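Following this note's numbering, the numbering of the sequence shown begins with 4 at its first residue and continues without gaps. Positions of the beta carbon are idealized from the N, C-alpha and C atoms, including for glycine. Quantities reported herein were computed from a predicted structural model and do not represent experimental measurements. To keep things clear, I will list the structure first and then write my remarks on it.
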Amino acid sequence: VSFGTSAPEMFVSLLSTLQSGGSTESIAVSNVVGSNIFNLLVVLGASALVTPLRVQLRLIRRDVPLLIAVSMATWAMGSAGTFTWVAGLALLTVLAINLTWEVRTAREEGGGSTDELDEDAAATLPVAIGKSLAGLVLLVVGSHVLVNGATAAALALGVSQTVIGLTIVSIGTSAPELLVSAVAAFDGSPGLALGNALGSNITNITLVLGTTACIFPLLVPRPLVRRELPLLILISLCVYALATRGTYDL
4 VSFGTSAPEM
14 FVSLLSTLQS
24 GGSTESIAVS
34 NVVGSNIFNL
44 LVVLGASALV
54 TPLRVQLRLI
64 RRDVPLLIAV
74 SMATWAMGSA
84 GTFTWVAGLA
94 LLTVLAINLT
104 WEVRTAREEG
114 GGSTDELDED
124 AAATLPVAIG
134 KSLAGLVLLV
144 VGSHVLVNGA
154 TAAALALGVS
164 QTVIGLTIVS
174 IGTSAPELLV
184 SAVAAFDGSP
194 GLALGNALGS
204 NITNITLVLG
214 TTACIFPLLV
224 PRPLVRRELP
234 LLILISLCVY
244 ALATRGTYDL
C-alpha cells in the first residue's frame, strides 16, 4: 500500500528533475520532506480522530526507528548541499535490505491456504492489468501538470520552488495517503492506516529520493537543512514517543 500511495511523489520528483535538470531539483527534495511532515501530522492525526490506532510491537522495534534513522541520514547527507548518486545508492540499499526483511517476516508469520486467493487473482488478472495501466497513464499526466503548475505558481507568486514543493506539491502528492488511511480507519483497519503513513514515509526517502538522486544530483536548499529536515526528525521522535503508549488517540 505504501508503495502505491508513494507513486505520486516518485513521478513528481522524477519529472521535476528530468524536465529542466537545473531549476526544479528543489521541488524533488522539498516534495518528499513536505509530504513526510504532512503524513505524520495530518494523515496520522486525521486517522486518530476517527479511531484509536493500535500500535504493533514491530512498529516500535523496527519501523519507527528505521524512519528516524533514514530521516537523520537524509539530514546528514543533505547538509553538504547536494544529494549525489552515492547518497541515492545508499538509500536504495537500505530499501532493499528493508524489503528483504519484510518478505522474510511475512513468510515466517504467514499461514493458511492461498488457493482461493490465487483463483481470484487469476480470474481478475486482465482487469487488474488494465486498471494498473490506466492508473499509470493518469499518474504520469497528473504529475506533469502538477510540476508545471507548481513552477508557474512559484514564478507568479514570487516565492521559491522549495516553498511550493513544501506546501502545494507535497499536499497534492500526499492526498492518496490521507484517503487510504482515512478509509482504513473508518472501515476499522487502524493497522493499515498507521502502517500506510509510516511505510510511505520510509518509501519516500529510500525509494523516491534514492532513485532520483541516482539519476541526477539533487540540490538541497539551505532552508530545508536548517528548518524542515530537523523538524521532520523531531516529529518522527514524537511519533516514536507516542507509539510507546500503545495507541494513537485523543
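Environment of residue i [buried if 16+ CB atoms lie within 10 Å]
i    : result
G175 : buried
R248 : exposed
P179 : buried
T96  : exposed
V32  : buried
Contact set for residue i: own chain, Cβ-Cβ below 6 Å, skip 5 residues either direction
i    : result
S184 : V46, S50, A196, N199, A200
I71  : S239
Where residue i sits in the DSSP three-state scheme
i    : result
R229 : helix
F219 : coil
T54  : coil
T85  : strand
L22  : Note on residue identity: the sequence assigns Gln, not Leu, to residue 22. Three-state result, Q22: helix.
S163 : coil
P2   : Nothing in the structure corresponds to residue 2, since the chain is present only between 4 and 253.
S16  : helix
D66  : helix
T108 : helix
P224 : coil
G191 : coil
T103 : helix
T247 : coil
S9   : coil
T206 : helix
Nearest candidate by alpha-carbon position, reference residue i, set the options
i    : options                : result
G213 : G81, L60, L52          : G81
D190 : T54, V228, I167, A90   : T54
Y254 : S16, E12, V58, V35     : Within the shown structure, residues of the chain are numbered from 4 to 253, placing residue 254 beyond reach of any answer.
C217 : N101, L94, E231, V172  : L94
A153 : L141, I171, P233, R230 : I171
S173 : G133, G84, S16         : S16
L222 : I205, A76, L141, A83   : A83
S163 : A188, P226, N204       : P226
V89  : L234, P220, T103       : P220
G6   : L44, G202, A131, F14   : Correcting the residue type first, residue 6 is Phe in the shown sequence and not Gly. Comparing Cα-Cα distances from F6 to each of L44, G202, A131, F14, the minimum goes to G202.
Whole-angstrom distance between residue j and residue i, CA atom to CA atom
i    : j    : result
W3   : S9   : This structure cannot settle anything about residue 3, because the visible part of the chain is limited to 4 through 253.
R107 : L169 : 35 Å
S177 : S38  : 6 Å
L128 : G138 : 15 Å
V148 : E111 : 43 Å
S74  : A156 : 28 Å
L136 : L182 : 21 Å
N42  : I167 : 17 Å
Contacts around residue i, its chain only, beta-carbon distance under 7 Å, and the 5 residues preceding and following it disregarded
i    : result
L98  : T209, L210, G213
N207 : S9, E12, V35, S38, N39
Cut-off 8 Å between Cβ atoms - residues of its own chain near residue i, not counting five sequence neighbours on either side
i    : result
A246 : V58, L62, I63, V67
P193 : S50, T54, P55, L56, R57, A187
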